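Worksheet for the structure shown next.
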Amino acid sequence: MSIAAMFALYLVLGSVAGVLAGLFGIGGGLIIVPILIFSFDLQGVSSEVSTHLAVGTSLATVVFTSLSSIRSHHVKKAVRWDVFRPMVVGIVIGAVLGAWTASLLDGKALQLIIGVFVILVAIKMFFEVNPTPGRDVPGKVGLAGAGTGIGWASAIFGIGGGTLTVPFLSWSNVRMQHAVGTSAACGFPIAFAGAAANGVTGWGDEALPAFSIGFIYLPALLGIVLTSVFFARYGAELAHRLDARMLKRIFAIFLVLVGIRFLT
Numbered sequence: 001m002s003i004a005a006m007f008a009l010y011l012v013l014g015s016v017a018g019v020l021a022g023l024f025g026i027g028g029g030l031i032i033v034p035i036l037i038f039s040f041d042l043q044g045v046s047s048e049v050s051t052h053l054a055v056g057t058s059l060a061t062v063v064f065t066s067l068s069s070i071r072s073h074h075v076k077k078a079v080r081w082d083v084f085r086p087m088v089v090g091i092v093i094g095a096v097l098g099a100w101t102a103s104l105l106d107g108k109a110l111q112l113i114i115g116v117f118v119i120l121v122a123i124k125m126f127f128e129v130n131p132t133p134g135r136d137v138p139g140k141v142g143l144a145g146a147g148t149g150i151g152w153a154s155a156i157f158g159i160g161g162g163t164l165t166v167p168f169l170s171w172s173n174v175r176m177q178h179a180v181g182t183s184a185a186c187g188f189p190i191a192f193a194g195a196a197a198n199g200v201t202g203w204g205d206e207a208l209p210a211f212s213i214g215f216i217y218l219p220a221l222l223g224i225v226l227t228s229v230f231f232a233r234y235g236a237e238l239a240h241r242l243d244a245r246m247l248k249r250i251f252a253i254f255l256v257l258v259g260i261r262f263l264t
């Protein structure tokens with residue numbers, strides 16, 4: 001497949017990821033990583049680096065797409081900065097450790113881990129399993145520890161962390177709109193630290209395709225960023241018009257199929 005055709009695919013991928021993020025309130029990385037892996041396979045990218053490249057590129061896209069989300073939530077006073085500040089220290093440390101952990105895994109092992117995670121998220125989405133608020137917001141040390149765990153896992157899966165941060169904050173009795181807004185703010189340091197670490201850990205790998213900076217593929221990054229932000233707004237508008245519950249279940253089934261594909 002030519003570079004032009006692949007770039008067109010990345011523009012479409014950005015559109016789809018943006019719509020899904022706006023429609024379901026999920027991070028785009030949940031769909032970007034699997035599709036990037038499939039597209040890299042079509043390009044003939046080595047299986048030893050294709051999954052790492054998808055994760056690193058996904059995190060790099062979140063660096064840009066999270067900025068508009070943070071601004072929107074901040075304007076609505078939905079970001080708990082008092083919670084964010086202690087978490088961000090752990091998040092940066094965790095994201096760097098997560099990228100380093102991923103670099104130690106071979107491509108197949110990383111795909112298996114992502115496949116299991118995708119299936120678990122799909123089950124949660126299909127059955128609408130949400131944590132019941134059961135504790136108060138922990139202190140600074142507890143928030144930093146939680147941030148480390150969230151950053152570590154998010155960097156391995158190539159996501160902005162909303163899938164993990166929102167349930168944690170909700171469990172800690174943070175109002176849902178504040179949990180979502182604070183999670184959006186956490187997405188930037190997760191993505192920035194994770195992407196930077198992936199750029200370093202993948203630097204000089206001879207199996208990488210041209211136009212790569214470590215485990216970040218620039219054509220995919222550009223194509224996805226160009227369209228995802230605009231279509232996220234469109235997805236948010238659709239959420240008010242369509243049966244979101246039914247759509248979530250359909251998307252959950254799709255995620256299960258993707259996860260199974262990674263496990264086989």
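Per my numbering, the sequence shown starts with residue 1, numbered consecutively.
Even glycine gets a Cβ: it sits at the ideal position worked out from N, Cα and C.
Predicted, not measured: the structure shown is a model, and the values here were computed from it.
For this session: Give the DSSP-derived three-state secondary structure of residue 216 in the structure shown.
Result: strand
Problem set entry | Closest residue to residue 17 among 39, 30, 208 and 146 (Cα-Cα distance) | 30
Exercise. With C-beta atoms as the reference, is residue 180 less than 9 Å away from residue 78?
Worked result: yes
Problem set entry | Delimiting residues of the alpha helix (DSSP H) encompassing residue 265 | Outside the shown range of the chain, which is 1 to 264, sits residue 265, and nothing can be said about it.
For this session: Count the C-beta pairs between the stretch 205-222 and the stretch 162-169 that are closer than 8 Å, then say yes if the count reaches three, no if not.
Result: no
Exercise. Is residue 64 near residue 113, with beta carbons less than 9 Å apart?
Worked result: no
Problem set entry | Helix, strand or coil at residue 98 according to DSSP, with G and I counted as helix | helix
Exercise. So the alpha helix (DSSP H) residue 42 belongs to, where does it begin and stop?
Worked result: 29-43
Exercise. Can you tell me whether residue 111 is buried or exposed, with buried defined as 16 or more other CB within 10 angstroms of its CB?
Worked result: buried
For this session: Using only alpha-carbon positions, find the residue among 43, 19, 28 and 20 that is nearest to residue 7.
Result: 43
Exercise. Rounded to whole angstroms, how far is the Cβ of residue 13 from the Cβ of residue 32, which I believe are closer than 8 Å?
Worked result: 7 Å
For this session: Say whether the stretch 254-264 touches the stretch 72-91, bearing in mind that this needs 3 or more beta-carbon pairs closer than 8 Å, one atom from each stretch.
Result: no
Exercise. Does DSSP classify residue 222 as helix, strand or coil?
Worked result: helix
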